[in-house]
Structures are given as C-alpha cells and as structure tokens.
Amino acid sequence: MRKDIQAEQAVNELEVKKRSQLGYIWFRFRKNKLAMLGLLLLAAMALVCITAPLYLSYEEDVVTQHVMEKFSKPFSAGHILGTDRYGRDMFARIVYGGRISLTMGFAIVALSLLIGGTIGAIAGYYGGIVDNILMRLMDILLALPQILMAMAIVAVLGTDIKNLLIAMTIANIPKFARIVRSAILQIQGQEYIEAAKACGTRDPRTILRHILPNAIGPIVVQATLQIAQSIISLAALSFIGLGVQSPQPEWGTMLSEGKQDMMLYPFVVIEPGIAIMLAVLSFNLMGDGLRDALDPKLKN
Amino acid sequence: MDERNVLEIKNLHVIYETDQDTVYAVNGVNLTVKKGKTLGLVGETGAGKTTTALSVMRLLPKKIGYIKEGEIGLDGRNVMELTEGDMRLIRGDTVSMIFQDPMTSLNPVMTVGKQIRESLELHKHGRSEKEIDARVDEMLEMVGIPASRRNDFPHQFSGGMKQRVVIALALACEPKLILADEPTTALDVTIQAQVLQMMNELKVKLNTAMILITHDLGVVAQTCDDVAIMYAGEIIESGTAEDIYEGKQHHPYTVGLFGSIPDMDSKAKRLNPIPGLMPDPTHLPAGCPFAPRCPRCMEICKETKPEIVHFGTHEIKCHLFSGDEKGSEPV
Numbered sequence: 003m004r005k006d007i008q009a010e011q012a013v014n015e016l017e018v019k020k021r022s023q024l025g026y027i028w029f030r031f032r033k034n035k036l037a038m039l040g041l042l043l044l045a046a047m048a049l050v051c052i053t054a055p056l057y058l059s060y061e062e063d064v065v066t067q068h069v070m071e072k073f074s075k076p077f078s079a080g081h082i083l084g085t086d087r088y089g090r091d092m093f094a095r096i097v098y099g100g101r102i103s104l105t106m107g108f109a110i111v112a113l114s115l116l117i118g119g120t121i122g123a124i125a126g127y128y129g130g131i132v133d134n135i136l137m138r139l140m141d142i143l144l145a146l147p148q149i150l151m152a153m154a155i156v157a158v159l160g161t162d163i164k165n166l167l168i169a170m171t172i173a174n175i176p177k178f179a180r181i182v183r184s185a186i187l188q189i190q191g192q193e194y195i196e197a198a199k200a201c202g203t204r205d206p207r208t209i210l211r212h213i214l215p216n217a218i219g220p221i222v223v224q225a226t227l228q229i230a231q232s233i234i235s236l237a238a239l240s241f242i243g244l245g246v247q248s249p250q251p252e253w254g255t256m257l258s259e260g261k262q263d264m265m266l267y268p269f270v271v272i273e274p275g276i277a278i279m280l281a282v283l284s285f286n287l288m289g290d291g292l293r294d295a296l297d298p299k300l301k302n
Numbered sequence: 608m609d610e611r612n613v614l615e616i617k618n619l620h621v622i623y624e625t626d627q628d629t630v631y632a633v634n635g636v637n638l639t640v641k642k643g644k645t646l647g648l649v650g651e652t653g654a655g656k657t658t659t660a661l662s663v664m665r666l667l668p669k670k671i672g673y674i675k676e677g678e679i680g681l682d683g684r685n686v687m688e689l690t691e692g693d694m695r696l697i698r699g700d701t702v703s704m705i706f707q708d709p710m711t712s713l714n715p716v717m718t719v720g721k722q723i724r725e726s727l728e729l730h731k732h733g734r735s736e737k738e739i740d741a742r743v744d745e746m747l748e749m750v751g752i753p754a755s756r757r758n759d760f761p762h763q764f765s766g767g768m769k770q771r772v773v774i775a776l777a778l779a780c781e782p783k784l785i786l787a788d789e790p791t792t793a794l795d796v797t798i799q800a801q802v803l804q805m806m807n808e809l810k811v812k813l814n815t816a817m818i819l820i821t822h823d824l825g826v827v828a829q830t831c832d833d834v835a836i837m838y839a840g841e842i843i844e845s846g847t848a849e850d851i852y853e854g855k856q857h858h859p860y861t862v863g864l865f866g867s868i869p870d871m872d873s874k875a876k877r878l879n880p881i882p883g884l885m886p887d888p889t890h891l892p893a894g895c896p897f898a899p900r901c902p903r904c905m906e907i908c909k910e911t912k913p914e915i916v917h918f919g920t921h922e923i924k925c926h927l928f929s930g931d932e933k934g935s936e937p938v
C-alpha cells in the first residue's frame with residue numbers, strides 16, 4: 003500500500019516537472035486572486051459580448067426606438083438596466099457597445115504593439131543613426147497629445163470605425179516603440195546576450211528569443227494598461243462626437259447621449275460609466291498578474 | 608598556419624575608439640594555441656586579456672572596438688577575412704566562450720536545457736531532433752547535473768552548477784577551442800577546484816584546446832600547458848608552464864606578480880604588491896609599458912620598446928636580457 007502511494011507521488015512529481023512553460027505561467031497567474039478576478043470579469047464580459055447576437059437582435063433591441071417605454075427604471079419588466087430617452091434597452095446597448103469597445107481596444111493595442119515594437123526593437127538593437135532617425139520620428143508623434151492627434155486624423159479621414167482604428171493606432175505607436183526600445187537597450191548589455199552571440203545566433207533570433215522574453219514584463223503591463231487607456235480614449239472620442247456615431251451604441255457615445263438626462267435619470271450615464279470602469283479595471287488587474295506570472299524569478 | 612596549432616594570433620592591435628579618447632587595448636600580441644593544449648593568459652585587470660579573446664570571436668563592441676592590424680588564424684581559416692555570416696557559423700561551433708560570471712551569462716527566462724539546445728540547433732551537422740535532445744541530456748550529465756533538471760531555470764541552480772551549465776553549453780558542439788574568460792573568478796574556492804578539475808577532464812576527453820584567461824597564478828599552475836603573461840596590451844613573457852614556474856630568468860613584472868602572492872612560510876604582515884598602477888591605455892609610454900613601475904628600470908627602457916628575447920620556448924620582452932639570447936635557458 004505504502005509503495006503505491008510512493009509510486010503515485012513519484013508520478014505526480016514527474017508530472018510537475020513536465021509541466022510546460024505556459025503551464026507554469028498559468029499556475030503562477032492562478033495564485034494571484036486579484037488577477038484572476040480581472041480575468042474572470044473580462045472573460046464574462048467577452049462572453050456576453052461575443053454571444054450577444056444569439057439572444058439580442060441588433061435591429062429590434064439596440065437601434066429601434068420604442069418611445070412608449072422611454073426611461074424605464076432599471077430592473078423593470080423586460081429591461082434589466084432600464085431604457086434610455088428613446089426607449090432602447092440599456093443592457094442591449096451596453097453589450098453591443100462592449101463589442102466595439104473591447105474589440106477596438108485589442109485591435110489598437112495589437113497593431114500598435116506590432117508596429118511600434120518592431121520600430122523600437124530595430125532602433126534599440128542597431129542604435130546609432132537608425133535609432134536617431136526612428137526615435138526622432140516617434141518624438142514628433144509624441145509631441146502631440148494622443149487624443150488631439152487621433153482627433154486630427156479622424157477629422158481628415160472621416161469618422162468611421164476603420165479610420166478610428168488607424169488614428170488610435172498611430173497615436174499609440176510611439177509609446178510602444180519607446181518601451182520596447184528601452185527594454186532592449188537595458189537587456190542588450192547583459193552578458194547572456196553576448197553569450198548568445200558567442201553561440202552564433204543571428205540578430206533577429208537574438209532579439210526574439212533572448213531579449214524580448216526578458217523584457218516581456220513591462221511590455222505586457224504596458225499593453226494591458228494601454229488597452230484600458232484605448233477604451234477610455236475611444237469613449238472620449240465618441241463622447242465628443244468623433245468616434246462611433248449614433249445610433250450605433252458605444253460606451254462613450256452612450257455617455258454623451260445620456261448627459262442631457264443625467265440629472266433626472268442618472269442611470270443612463272452611470273451604467274455605461276460602470277461598464278467602462280469594469281473593463282478598464284479588469285484589464286489593469288490582469289496586467290499586474292501577468293507581469294508577475296511571466297517572471298520566472300518569482301516562481302514558487 | 609602550422610597544422611598543429613588551432614589558433615595563431617600575429618601582431619594583433621585592437622583599439623577602442625570613443626568620442627573623447629582612443630584606448631590602445633591590445634598592442635602587438637602574438638599567441639599560438641596548440642591542438643588540445645591549454646594556454647593560460649595571465650595579467651591584471653585591463654591588460655587586454657578579454658579584448659584578445661573577443662577579437663578571436665570577432666565580438667568586439669560594435670562601432671567602438673576595432674582590430675587595427677594583425678592576423679588571427681583559427682583552425683586554418685583567417686578570421687579577419689570571414690564574412691559575418693561565416694563567422695556566425697564558427698561561433699559556438701569551432702570556438703566557444705565561457706564567460707566570467709555564470710550568474711549573468713545565462714538567460715534568466717530560458718530553461719537551461721533550451722539554452723544548451725539552442726547552440727546545438729544552430730550548428731546541427733545533420734543531427735535529428737531526437738539526437739539533439741539526447742545530446743542535451745548527455746552534456747548535462749557530463750558536467751554532473753542530472754538530466755532531469757533540464758527544464759529548470761538558471762535561478763534554480765547554485766553558482767557552481769550554473770557555471771557547469773555554461774561549460775556544458777560551451778562544449779555542446781565539441782569546439783576545437785574554448786575561450787574561458789575567468790571561468791572561476793565568481794566562484795568560491797572549493798567550487799573553483801571542482802569546476803577546474805572538471806574542465807580539465809572534459810578537455811582531455813574531447814581533445815579541446817583552451818585559452819584560460821585568469822589573474823590567478825595558482826589556477827594556471829594547476830591547469831595550463833603554456834602560459835602568456837600580459838601587461839598593458841602586450842605579452843611580456845610567455846613559455847611553457849615549466850618555463851614560467853621553474854625558469855630562472857623572468858620579466859620584472861612576472862617577478863612582481865609572483866612576489867605578490869602571499870607566502871605561507873614568510874612572516875610578512877602585509878602583502879607585497881607591485882607599486883603603482885597600469886599605464887593609462889589612452890597614453891601609453893613610449894618605451895616599455897612597465898618601465899614606470901619597474902624596480903630594475905634602465906634609461907633605455909623609458910625610450911625604446913624592448914624586443915622579444917628567446918630562451919628556447921621561453922620568451923621575455925625586456926631590455927634586461929637583450930643580447931643574452933641562447934638556445935636554452937641558463938641554469
């Protein structure tokens with residue numbers, strides 16, 4: 003009997019050894035309660051948003067006006083979050099708004115991380131004149147406030163989701179270029195990079211396999227914070243009328259529409275506000291947890 | 608290039624150019640390493656030992672370090688004429704390097720197995736994935752680390768074990784030459800002895816030649832076949848280990864180096880250092896670089912550079928012996 007237990011333990015230990023790197027990251031992430039809360043919130047929101055077409059009709063619930071039912075209180079029959087001044091269901095609008103906000107947040111950060119990160123990596127790794135030219139270009143972009151620049155680009159290209167994506171991506175590129183560059187500069191001087199070169203690794207491989215994994219912490223944190231920031235910026239652009247156009251719902255647009263009624267029916271602004279806050283908060287919590295989980299030195 | 612040599616460096620000059628100054632780091636170094644033998648490169652900090660090793664790998668800091676002059680023959684090929692692509696194939700394969708500090712020379716976010724594997728993947732020589740995996744395990748076992756620990760990260764190893772991993776990494780492709788840059792400096796003395804012994808055994812087993820860079824004469828005595836003593840970017844004395852440890856004639860700097868080792872028998876209360884510091888490598892003296900600190904300095908030393916004086920295998924670069932040249936050392 004005892005032998006069986008020992009054998010079982012040995013097998014268990016072996017399995018622990020065999021756990022893949024992704025497994026380790028998940029293992030460490032799971033221990034962080036706040037990060038898990040963020041992830042669960044986010045997963046819940048994503049699930050609700052992705053499956054929305056299954057239980058809501060965009061035409062019927064989101065854009066069609068039902069004047070008879072305007073300003074229904076939250077938790078009233080059929081409208082769990084109430085209705086706005088045109089009698090549209092708040093819950094349906096928030097869910098459909100989330101589809102845009104969350105997707106845009108991801109898309110903006112993914113694109114700007116890809117472009118900005120590449121620029122930063124090249125600038126940091128090769129240094130000298132390449133670095134100077136690329137980073138001065140980034141400085142020019144940085145000289146304008148992000149939201150102002152996005153406004154200018156949208157004003158030129160016209161307000162539509164695609165242009166909004168382009169504008170916000172351009173506005174975010176320099177941030178990622180800077181953060182990746184500084185990470186590369188910091189890690190490039192380390193002896194293990196020299197050791198990697200002494201093994202005969204090529205430049206791209208050195209950057210991708212040796213430098214970036216060591217810099218992933220700050221980059222991931224910045225990326226998740228930036229998703230949150232992008233959601234806010236998007237809401238802000240929509241709020242001032244340059245983002246998503248009514249009647250298409252978006253959290254910022256909803257805030258903007260609701261502001262005329264907020265004295266009498268505060269829930270029309272509080273609800274999209276809470277949606278923004280929850281999304282931003284959960285991204286931030288998750289970012290912190292990811293940073294800790296990605297650092298193998300904090301293992302165990 | 609002589610068939611029996613794996614490395615021949617001739618008249619190597621390396622400079623570091625910064626905006627303010629030009630540092631003359633290596634000035635006319637001649638070195639040969641015979642196949643399967645160990646050369647100890649000794650000298651104090653800043654003498655140009657590491658720079659010489661980095662020149663062989665052609666890994667001098669970009670845009671600052673330049674090889675101004677000289678020839679480096681590595682395993683029958685001229686390193687100076689190779690393209691960067693060819694050089695990359697040589698690094699880690701024909702010649703590999705063991706760095707000074709095992710704490711910083713392993714990538715902290717990669718498992719040790721992956722790091723050893725990487726070098727093997729870069730220099731495949733037709734090995735299959737399975738053979739590479741087997742080789743990783745074999746290398747770990749060879750340096751005394753259980754193969755089951757291949758999926759551990761560097762921070763889970765002790766300093767001595769990390770250095771073994773570094774050694775396993777350097778030996779993985781069975782290089783013809785290893786440049787060991789102070790491989791034991793960061794380790795404590797007992798571990799130092801273990802690591803040195805292991806390196807010696809592996810070197811014999813794999814018939815690898817090695818340049819052992821160190822400032823520890825005790826380490827050299829234990830491990831090296833030949834010794835070269837470096838000062839201010841020049842080799843001021845070289846020969847077989849016997850020439851250096853047993854020979855009667857020495858460069859005054861070598862005498863000073865040996866004199867500064869604490870002696871168990873004498874009752875000295877203080878160590879006997881060589882007075883003064885190494886000359887500023889941006890403004891080297893016109894004559895012998897050691898002249899300002901030399902207890903036996905003559906007028907000629909301050910003005911003209913000494914020539915190499917040969918005593919058989921023993922070479923000394925000092926005016927004291929000019930004209931004494933003989934077939935073998937006087938007894």
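Taken in sequence, the protein lines are chains A and B.
Position in the first sequence (first residue = 1) + 2 = this note's numbering.
Position in the second sequence (first residue = 1) + 607 = this note's numbering.
Note that the Cβ used here is the ideal one computed from N, Cα and C, for glycine as well.
{"Asked": "Residue-chain proximity (Pro-76 (chain A), chain B), Cβ-Cβ < 8 Å", "Found": "no"}
{"Asked": "Test: His-730 (chain B) CB closer than 8 Å to a CB of chain A", "Found": "yes"}
{"Asked": "Same chain only: Cβ atoms within 7 Å of Arg-724 (chain B), ignoring 5 sequence neighbours per side", "Found": "Ile-739 and Val-743"}
{"Asked": "Close beta carbons around Leu-58 (chain A), own chain, < 6 Å, minus the five adjacent residues each side", "Found": "Ala-94"}
{"Asked": "C-beta contact flag for Leu-143 (chain A) and Val-156 (chain A) at 8 Å", "Found": "no"}
{"Asked": "Collapsed DSSP secondary structure at Phe-918 (chain B) in the structure displayed", "Found": "strand"}
{"Asked": "Residue burial classification, Asn-618 (chain B) (beta-carbon count within 10 angstroms, cutoff 16)", "Found": "exposed"}
{"Asked": "Cβ of Gln-192 (chain A) within 8 Å of any chain B Cβ", "Found": "yes"}
{"Asked": "Interface flag, Leu-794 (chain B) vs chain A, CB-CB below 8 Å", "Found": "no"}
{"Asked": "Rounded C-alpha distance that separates Ala-154 (chain A) from Ile-234 (chain A)", "Found": "18 Å"}
{"Asked": "Test: Pro-888 (chain B) CB closer than 8 Å to a CB of chain A", "Found": "no"}
{"Asked": "Met-817 (chain B) - partner residues in DSSP beta bridges", "Found": "B:Thr-645 and B:Ile-785"}
{"Asked": "Met-704 (chain B) - DSSP class collapsed to helix/strand/coil", "Found": "strand"}
{"Asked": "Euclidean distance between Cα positions of Phe-269 (chain A) and Pro-251 (chain A)", "Found": "16 Å"}
{"Asked": "Assigned secondary structure, Ala-848 (chain B) (DSSP; H/G/I helix, E/B strand, else coil)", "Found": "helix"}
{"Asked": "Thr-255 (chain A), DSSP secondary structure in three states", "Found": "helix"}
{"Asked": "Glu-745 (chain B), enclosing alpha helix (DSSP H) - first and last residue", "Found": "736-749"}
{"Asked": "Residues of the stretch 245-268 of chain A whose Cβ lies closer than 9 Å to any Cβ of chain B, in chain order", "Found": "none"}
{"Asked": "Cβ shell of Asp-297 (chain A) (< 8 Å), same chain only, five flanking positions each side left out", "Found": "Gly-219"}
{"Asked": "Length at least 4, wholly inside the stretch 848-910 of chain B: the alpha helix (DSSP H) runs in chain order", "Found": "848-853, 859-866 and 906-910"}
{"Asked": "Sheet register partners of Arg-101 (chain A) (DSSP bridge)", "Found": "Paired residues: none, contrary to the question."}
{"Asked": "Other residues of its chain near Ala-217 (chain A): CB distance less than 8 Å, five sequence neighbours each side excluded", "Found": "Val-182, Ala-185, Ile-186, Gln-188 and Ile-189"}
{"Asked": "Proximal chain A residues relative to Ser-703 (chain B), where beta-carbon distance stays under 8 Å", "Found": "Ala-200 and Cys-201"}
{"Asked": "Exposed unless 16 or more other CB atoms sit within 10 angstroms - verdict on Arg-30 (chain A)", "Found": "buried"}
{"Asked": "Thr-208 (chain A) and Ala-197 (chain A) closer than 8 Å at C-beta", "Found": "no"}
{"Asked": "Identity of the residue in B:Glu-691, B:Phe-764, B:Pro-782 and B:Thr-711 nearest His-732 (chain B) by Cα", "Found": "B:Pro-782"}
{"Asked": "Chain-ordered chain A contacts of Asn-714 (chain B) [CB-CB under 9 Å]", "Found": "Gln-192, Tyr-194, Ile-195, Ala-197, Ala-198, Arg-211, His-212, Pro-215 and Asn-216"}
{"Asked": "Phe-928 (chain B) at chain A interface by Cβ criterion, 8 Å", "Found": "no"}
{"Asked": "Under 8 Å between C-beta atoms of Met-749 (chain B) and Val-702 (chain B)", "Found": "no"}
{"Asked": "CB contact flag (Cys-831 (chain B), Leu-646 (chain B), <8 Å)", "Found": "yes"}
{"Asked": "The stretch 242-261 of chain A touching the stretch 100-109 of chain A, judged by at least three CB pairs closer than 8 Å", "Found": "yes"}
{"Asked": "The stretch 631-641 of chain B / the stretch 272-288 of chain A touching (three or more Cβ pairs under 8 Å)", "Found": "no"}
{"Asked": "Straight-line gap, His-926 (chain B) to Thr-861 (chain B) (C-alpha atoms, nearest Å)", "Found": "14 Å"}
{"Asked": "From B:Val-621, B:Leu-727 and B:Thr-815, residue whose alpha carbon lies closest to that of Thr-889 (chain B)", "Found": "B:Val-621"}
{"Asked": "Exposure of Pro-790 (chain B), with buried meaning 16 or more beta-carbon neighbours within 10 Å", "Found": "buried"}
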